[in-house]
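Novice: The opening residue of the sequence shown carries number 277 in my numbering; numbering runs sequentially from there. First, the structure itself, so that you have it in front of you.
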Amino acid sequence: MTFVLDGVHHVGITVRDLEASRAWYSDMFGLTPGPVNHGAGPELARGVQVPDARLTFSMLTVGSTRIEFLEYQEPVGEEFDRRNCDVGAAHVCFEVDDLDVAVEELTAKGAVFSSPPNTIDEGPLAGSRWAYFRDPDGIQLELWQSPR
Numbered sequence: 277m278t279f280v281l282d283g284v285h286h287v288g289i290t291v292r293d294l295e296a297s298r299a300w301y302s303d304m305f306g307l308t309p310g311p312v313n314h315g316a317g318p319e320l321a322r323g324v325q326v327p328d329a330r331l332t333f334s335m336l337t338v339g340s341t342r343i344e345f346l347e348y349q350e351p352v353g354e355e356f357d358r359r360n361c362d363v364g365a366a367h368v369c370f371e372v373d374d375l376d377v378a379v380e381e382l383t384a385k386g387a388v389f390s391s392p393p394n395t396i397d398e399g400p401l402a403g404s405r406w407a408y409f410r411d412p413d414g415i416q417l418e419l420w421q422s423p424r
């Protein structure tokens with residue numbers, strides 16, 4: 277290989293309503309949304325493989341990682357509902373210092389977790405804890421606490 281991967285620049289997620297997603301992630305996690313950008317035209321349509329694509333997008337930064345939220349005005353997309361076992365299903369995992377406190381605070385803000393926090397009991401990740409929940413668009417999110 278003659279090139280070097282320097283890291284992950286961002287993860288992109290298509291949302292129903294960009295402003296609602298920016299507000300939700302800002303409220304839930306205290307993230308500051310970046311500027312709103314607009315995209316349209318044949319070059320964009322070719323690049324994203326969506327004919328006549330017109331969209332707005334914005335990035336939120338978590339540590340050194342960016343999450344890009346995209347809202348397509350044209351064409352309007354369909355709902356995307358996959359189980360975690362389905363090929364192509366994905367989730368975003370946020371690392372926290374105290375899972376119990378994070379779950380309590382996010383639950384108070386309206387988050388609904390799929391189960392109480394889980395603990396990995398054996399193997400190289402033993403002592404790690406995690407919990408899944410979804411954002412208003414149904415995007416799977418995870419909180420992760422590394423062993424203390």
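We put the CB at the ideal spot given by N, CA and C, even for glycine.
Identify the residues that DSSP records as bridge partners of A402: which are they?
Specialist: Position 126 of the sequence shown, counted from the first residue, corresponds to residue 402. Beta-bridge pairing links A402 to no other residue.
Novice: M335 to L375, Cα distance in whole Å?
Specialist: Position 59 of the sequence shown, counted from the first residue, corresponds to residue 335. Position 99 of the sequence shown, counted from the first residue, corresponds to residue 375. Their backbone Cα atoms lie some 25 Å apart in a straight line.
Novice: Please report the distance separating the alpha-carbon of C361 from that of Q325.
Specialist: On the sequence shown, position 85 is the one that residue 361 refers to. On the sequence shown, position 49 is the one that residue 325 refers to. The alpha-carbon atoms of C361 and Q325 are separated by roughly 26 Å.
Novice: Less than 6 Å between C-beta atoms, sequence neighbours within five positions excluded: which residues of the same chain meet that for A402?
Specialist: Against the sequence shown, residue 402 aligns to sequence position 126. Contacts found: I396.
Novice: Taking the alpha helix (DSSP H) that A384 falls in, what are its first and last residues?
Specialist: Looking up residue 384 in the sequence shown gives position 108. Going by DSSP, A384 is part of the alpha helix (DSSP H) stretching over L375 to A384.
Novice: Alpha carbon to alpha carbon, how far is V284 from Q421? Give it in angstroms, no decimals.
Specialist: To locate residue 421, count along the sequence shown from 1; it is residue 145. To locate residue 284, count along the sequence shown from 1; it is residue 8. Straight-line Cα distance between these residues: approximately 21 Å.
Novice: Taking DSSP as the reference, what is the three-state secondary structure of R358?
Specialist: Numbered from its first residue, the sequence shown carries residue 358 at position 82. Coil.
Novice: How do the region 367-384 and the region 404-417 stand: do at least 3 beta-carbon pairs fall below 8 Å, yes or no?
Specialist: yes
Novice: Please say whether L294 and G315 have beta carbons closer to each other than 8 Å?
Specialist: By one-based count along the sequence shown, residue 315 stands at place 39. By one-based count along the sequence shown, residue 294 stands at place 18. Taking 8 Å as the Cβ cut-off, G315 and L294 do not qualify as a contacting pair.
Novice: Work out the CA separation of P412 and V352 for me, nearest whole Å.
Specialist: On the sequence shown, position 76 is the one that residue 352 refers to. On the sequence shown, position 136 is the one that residue 412 refers to. Rounded to the nearest angstrom, the two C-alpha atoms are 17 Å apart.
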